[in-house]
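For the sequence shown, my numbering assigns the number 10 to the initial residue and increments by one for each residue that follows.
Beta carbons are placed, not taken as given, at the ideal position from N, Cα and C, and that holds for glycine.
Bear in mind the structure is a predicted one, so any value in this text is a computation, not a measurement.
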Amino acid sequence: MAVKENGWKERQAALMAAYPTWPRRTLSDHIDEAAKKYLERPYLITRKKIYSYREVLARVDQAAKGLMALGIKAREHVILWMGNYAESVFLTLALNKIGAVVIPLNFMLKEVELKELWQDSDAVAVIFNDRLGRTDYVRMVENICPELKGAGSPPDGYAEFPKLRNIICYSPEEKVYQGLVSLSALYDGGKEIRKEELHQRQAASAYPDEICHILYTSGTVGAPKGAMLTHDMLLRNAYISGLGRSVGEGQCIYCPLPLYHVFALVEGILTPTFVGGSVVVDEQFAPSEAIHLMEKNRVQELLCVPSILLALLNCPEKAEHRLESLRTIFCAATPAPRPIWERVRREFGSREMLTGYGMTEVSAATVMTSPDDSLEVLSTRVGRLLPANCSGLPEFGGRNVQYKVVDPVTGEELPAGSKGEFICRGNIVSKGYYKRPLETGALIDKDGWLHTGDLGIIHADGLFELSGRSKEIYRVSGESVMPKEVEDVLTSYQKVNQAYVVGVPDSVSTEIGAAFIELNPGEKATRKEILEFARARLAKFKLPKYVFFIRHDDLPFTSTGKIQKFLLVEKATVLKSNGLGYVGSESDAEIS
10 MAVKENGWKE RQAALMAAYP TWPRRTLSDH IDEAAKKYLE RPYLITRKKI
60 YSYREVLARV DQAAKGLMAL GIKAREHVIL WMGNYAESVF LTLALNKIGA
110 VVIPLNFMLK EVELKELWQD SDAVAVIFND RLGRTDYVRM VENICPELKG
160 AGSPPDGYAE FPKLRNIICY SPEEKVYQGL VSLSALYDGG KEIRKEELHQ
210 RQAASAYPDE ICHILYTSGT VGAPKGAMLT HDMLLRNAYI SGLGRSVGEG
260 QCIYCPLPLY HVFALVEGIL TPTFVGGSVV VDEQFAPSEA IHLMEKNRVQ
310 ELLCVPSILL ALLNCPEKAE HRLESLRTIF CAATPAPRPI WERVRREFGS
360 REMLTGYGMT EVSAATVMTS PDDSLEVLST RVGRLLPANC SGLPEFGGRN
410 VQYKVVDPVT GEELPAGSKG EFICRGNIVS KGYYKRPLET GALIDKDGWL
460 HTGDLGIIHA DGLFELSGRS KEIYRVSGES VMPKEVEDVL TSYQKVNQAY
510 VVGVPDSVST EIGAAFIELN PGEKATRKEI LEFARARLAK FKLPKYVFFI
560 RHDDLPFTST GKIQKFLLVE KATVLKSNGL GYVGSESDAE IS
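Given below as structure tokens:
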């Protein structure tokens with residue numbers, strides 16, 4: 010007979026009781042403690058292997074000694090440009106252990122973007138995998154570092170990257186490439202390092218407030234910037250995320266999110282270590298394989314973004330698998346509309362559905378809904394401040410972070426229930442952007458408040474409502490238009506799946522609205538039809554003057570499902586200049 014699982018309140022209370030005081034320590038000390046406590050429990054699960062806490066720690070120590078033998082020093086920067094391999098987790102934790110700073114990069118970056126971030130980061134070493142899918146990363150690295158071409162051994166240096174000393178290549182098939190250090194060679198080199206030397210290095214780096222990660226923002230409003238985060242920030246946030254999600258003892262989490270993102274690092278890799286839980290990582294997300302992995306490992310929680318959740322819901326093989334263990338779905342990064350949540354409840358039978366709000370600069374989620382919130386709350390709000398228990402501080406009201414709402418133009422605090430910009434401060438707020446004093450000054454004011462750029466309302470019941478980005482607001486003949494308000498109206502039309510609205514320059518009105526609309530599969534619509542629907546619900550100045558029908562694959566999303574509106578502005582400006590998309594034009598064609 011199956012043992013009945015505790016409810017979310019009991020699980021949350023148990024996690025609070027397990028930590029009566031906050032253990033200020035580094036990531037490596039925390040992982041060591043977890044490994045001692047949980048030993049043979051599974052921690053890291055891939056398609057091919059299950060690694061226990063003890064095995065993960067052994068791999069981490071092996072990698073740490075190899076990195077020491079390679080000459081990596083404390084506080085030096087090391088880039089991890091890898092897919093969702095177990096080795097990425099081992100290397101991340103190994104770099105933490107020797108006091109180096111981890112810089113995980115998006116594996117979908119192009120050569121030009123990659124080169125800019127290598128230069129900006131001041132990395133002394135780069136670790137990458139040779140291939141992922143059809144992408145040949147070795148060739149990309151050789152193009153960025155021409156010194157590698159034809160090199161029989163690792164070059165003495167790299168002209169365009171003066172601090173770069175080593176480039177290490179991980180090949181799952183154990184291929185060896187000329188001029189590159191193989192990961193197996195790195196491990197072999199560590200055999201000369203004694204365990205005592207590793208312990209000494211770890212002890213010398215035991216400062217919880219040291220910067221341990223620089224995470225480049227996803228670039229939804231411009232070029233990426235490196236947010237500096239400390240050991241203590243990441244651990245506190247992982248703990249409060251566990252409280253918000255009511256993570257239970259030994260819980261198994263499926264995390265198909267990219268490991269270079271703060272969402273995956275904090276909520277996926279770190280949170281389960283507070284309860285002796287495990288995380289399933291997937292090299293390349295494929296809906297049918299994902300459902301198989303969740304069934305096989307009796308996954309209790311899914312971490313995802315709306316695009317992943319929709320792909321799982323639409324997977325034909327879903328009906329062939331039993332997912333009774335899937336209790337919790339935490340879907341965040343961008344809002345999911347109510348129809349998706351309704352399908353989750355109906356088709357997955359998940360009892361606990363959550364969304365949240367956060368950003369890289371605040372070490373991941375700081376606001377989250379509750380497991381007993383209604384579908385209406387899930388689809389219109391992003392949650393309440395997360396409980397902090399022992400990790401909170403009195404100066405922040407017993408939490409890790411405080412929020413208030415200010416006028417986005419004057420910066421003056423607004424009365425409760427007013428719409429404005431969210432600003433926050435706390436012990437999990439980034440120390441700023443690496444080598445970006447001007448951007449840091451614009452981000453964090455003299456009183457320590459971080460200006461998120463997000464607009465919304467904090468309601469009397471503590472629920473946060475998002476209404477858009479301050480930088481996305483545009484003015485039509487002096488009148489301010491909030492894109493999300495227009496988007497909400499457009500997406501309420503039965504034929505529309507998604508809508509994104511941006512402001513583009515106009516010689517008469519200064520700016521005008523342009524809407525990109527993705528229709529539901531099989532639907533047809535005209536621009537005139539869409540605007541007739543919106544006209545009954547929006548003031549005239551809020552109506553977009555241009556409408557572009559677009560397919561999902563042509564929308565510019567980041568890897569975590571956030572729309573890159575600055576790219577939509579560029580696209581709309583070009584299309585408008587070519588005479589396309591005007592609502593009153595004769596070429597008001599239908600789209601299927």
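Cβ-Cβ distances below 6 Å link Y186 to V147 and C178 in the same chain, with the five nearest sequence neighbours on each side left out; the list follows chain order. Excluding the 5 residues flanking it on each side, K74 has same chain C-beta neighbours closer than 6 Å at G199, I202 and L207, in chain order. DSSP places H86 inside the beta strand (DSSP E), whose first and last residues are H86 to W90. Around R484, the same chain offers V490, G512, T519 and E520 as residues with beta carbons nearer than 8 Å, after the five sequence neighbours per side are excluded. Judged by pairs of C-beta atoms under 8 Å, the region 357 to 376 touches the region 244 to 255, as three or more such pairs exist.
Per DSSP, S501 lies in no alpha helix (DSSP H) and is assigned neither H nor E. Counting only residues of its own chain and dropping the five nearest sequence neighbours on each side, E310 has a CB closer than 8 Å to the CB of R254, V256, Q260, C261, I262, Y263, L335, R336, T337, I338 and F339. Remark: C-beta atoms of E304 and R331 approach each other more closely than 8 Å. S61 is not a Cβ neighbour of K106, given a cutoff of 8 Å.
Between the beta-carbon of K504 and that of L528 there is about 6 Å, and that keeps the pair under the 8 Å contact cut. With contacts defined by Cβ atoms closer than 8 Å, V65 and A44 form a contacting pair.
According to DSSP, residue pairing for Q411 in a beta bridge involves R434. In the displayed model, C154 falls within coil according to three-state DSSP, outside both helix and strand. Contact between the region 24 to 34 and the region 391 to 402 is present, with at least three C-beta pairs closer than 8 Å. By the criterion of a C-beta distance shorter than 8 Å, E292 is surrounded in its chain by T55, R56, G92, N93, Y94 and L141, once the five residues flanking it on both sides are discounted.
T582: not part of any beta strand (DSSP E); member of the alpha helix (DSSP H) spanning K574 to S586, first to last residue.
Rounded to the nearest angstrom, the gap between the Cα atoms of E156 and V98 is 29 Å.
Partner residues in a beta bridge of F116, as assigned by DSSP, do not exist. Approximately 5 Å separates the beta-carbon atoms of E430 and S479; this is inside 8 Å, confirming the contact. Between P492 and V517, the C-beta spacing is not below 8 Å. Per the coordinates, the alpha-carbon of R63 lies some 23 Å from the alpha-carbon of L302.
Straight-line measurement puts the Cα of L322 at about 44 Å from the Cα of T419.
Nearest to S214 by alpha-carbon distance, out of A109, E361 and I559, is A109. In this structure, the CA atom of M149 is about 16 Å from the CA atom of P163. The beta carbon of T500 is closer than 7 Å to those of P346, Q507 and A508 in its chain, skipping five residues each way along the sequence. Under the 8 Å Cβ criterion, the region 423 to 437 counts as touching the region 357 to 373, having at least three qualifying pairs. Pairwise C-beta distances place the region 341 to 361 in contact with the region 377 to 395, as three or more of them are shorter than 8 Å. Taking a contact as a CB-CB distance under 8 Å, the pair G435 and V410 counts as one, their CB atoms being some 3 Å apart. Here H39 is buried, its C-beta having at least 16 other C-beta atoms within 10 Å. Where V65 is concerned, the enclosing alpha helix (DSSP H) starts and stops at Y62 to A78. For D463, the enclosing beta strand (DSSP E) stretches over residues L459 to I467. The continuous alpha helix (DSSP H) containing N246 extends over residues H240 to R254. The DSSP-derived three-state label of M491 is coil.
Here N105 carries a helix assignment [DSSP, helix/strand/coil]. Inter-residue distance for V289 and P265 is about 8 Å (C-alpha atoms, whole angstroms).
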